[in-house]
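Colleague:
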Amino acid sequence: QKEVEQDPGPLSVPEGAIVSLNCTYSNSAFQYFMWYRQYSRKGPELLMYTYSSGNKEDGRFTAQVDKSSKYISLFIRDSQPSDSATYLCAMSASGGSYIPTFGRGTSLIVHP
Amino acid sequence: DSGVTQTPKHLITATGQRVTLRCSPRSGDLSVYWYQQSLDQGLQFLIQYYNGEERAKGNILERFSAQQFPDLHSELNLSSLELGDSALYFCASGRQGLDEQYFGPGTRLTVT
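As they're listed, the protein sequences go chains V and R. The numbers in this note's numbering rise by one with no breaks, and the one at position 62 of the first sequence is 1021. The numbers in this note's numbering rise by one with no breaks, and the one at position 8 of the second sequence is 17.
(1) Taking the alpha carbon of R/P79 as the point to measure from, which residue in R/Q26, R/D38, R/T116 has its own alpha carbon closest?
(2) Find the residues of chain R that neighbour V/E1004, judging by a C-beta separation of less than 9 Å, and give them in chain order.
(3) Given R/S36, which residues of its chain have a CB within under 7 Å of its CB, disregarding the five upstream and five downstream residues?
(4) Measuring only the C-alpha atoms, how far is V/D1025 from R/A96?
(5) What is the DSSP secondary structure of V/S1032, reduced to helix, strand or coil?
(6) Please indicate yes or no: does the CB of R/T119 lie closer than 7 Å to some heavy atom of the ligand ADP?
(7) Can you list, in chain order, the residues of its chain whose CB lies under 6 Å from that of R/H82, leaving out five sequence neighbours each side?
(8) Which chain R residues are close to V/S1051, counting only those with a beta carbon under 8 Å from its beta carbon?
(9) Between the segment 1022-1042 of chain V and chain R, which residues of the former have CB atoms less than 7 Å from a CB of the latter, in chain order?
(10) From the DSSP output, in three-state form, read off V/S1066 for me.
(11) Are the segment 15-34 of chain R and the segment 1017-1034 of chain V touching by the rule of at least three beta carbon pairs closer than 8 Å?
(12) Measure how close the beta-carbons of R/G51 and V/G1002 come, nearest whole angstrom, since I'm counting them as under 8 Å.
(13) Return the CA-CA distance between V/S1051 and R/E62, expressed in angstroms with no decimal places.
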């Protein structure tokens, strides 16, 4: 079992839909959770960063962490064609380990 | 634009050859991370340097090496190249003690 599992998709939604992207993990030491967006042939871009459990909102994006279930989510409201990209989750443990473990990424397609 | 630069953008070379990939971190970032991204393996952490010193090692082959210079730019050297080394190589930079990483645009390596 991989430490971080992420459905590769593709996930295809119509413009304006609410998108839910998810990752599960097995390492209970993970405390820091990140979401990156990667457009085709570009470098990953940090979207959201959260610590421990709870929600964090930034514009149309909401990151949610449920440590009891070892499950994190990224919600995108009012999705746009420009949101079409691969979304990678990443997480790392506390205690000085700052090398994140990345999920394989979920490909999202938002069609007009 | 993340502020991280990588050169070259594309590299095509033959098996058995050696190449050097270059990265300049964001201004003020002392940490440089190297990743390999392929379709079947996702984003794999290779190695981290902090202020010129090797800080963490991931799944880096013995044929690969890296260094960080006093001006904080970093180079990743890949030798005895094999077809399987064809991938996107990303450099990321960040601040010590923080998990957020900022990725460069990547170098696409094709080994023929």
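Note that beta-carbon positions come from the ideal geometry of N, C-alpha and C, so glycine has one too.
Modeller: According to the structure shown:
(1) Of the candidates R/Q26, R/D38, R/T116, the residue whose Cα lies closest to the Cα of R/P79 is R/D38.
(2) Correct list: S11, Y111, F112.
(3) G12.
(4) Cα-Cα distance, rounded: 34 Å.
(5) V/S1032 falls in the strand class under three-state DSSP.
(6) The model depicted lacks the ligand ADP and carries no ligand whatsoever.
(7) Correct list, in chain order: S33.
(8) Chain R residues near V/S1051: D108.
(9) Of all residues in the segment 1022-1042 of chain V, none is placed with a Cβ closer than 7 Å to any Cβ belonging to chain R.
(10) Correct three-state label for V/S1066: strand.
(11) Not touching, per the Cβ criterion.
(12) Between R/G51 and V/G1002, the beta carbon gap of about 14 Å keeps them out of contact (Cβ cut-off 8 Å).
(13) Taking C-alpha positions only, V/S1051 is separated from R/E62 by approximately 21 Å.
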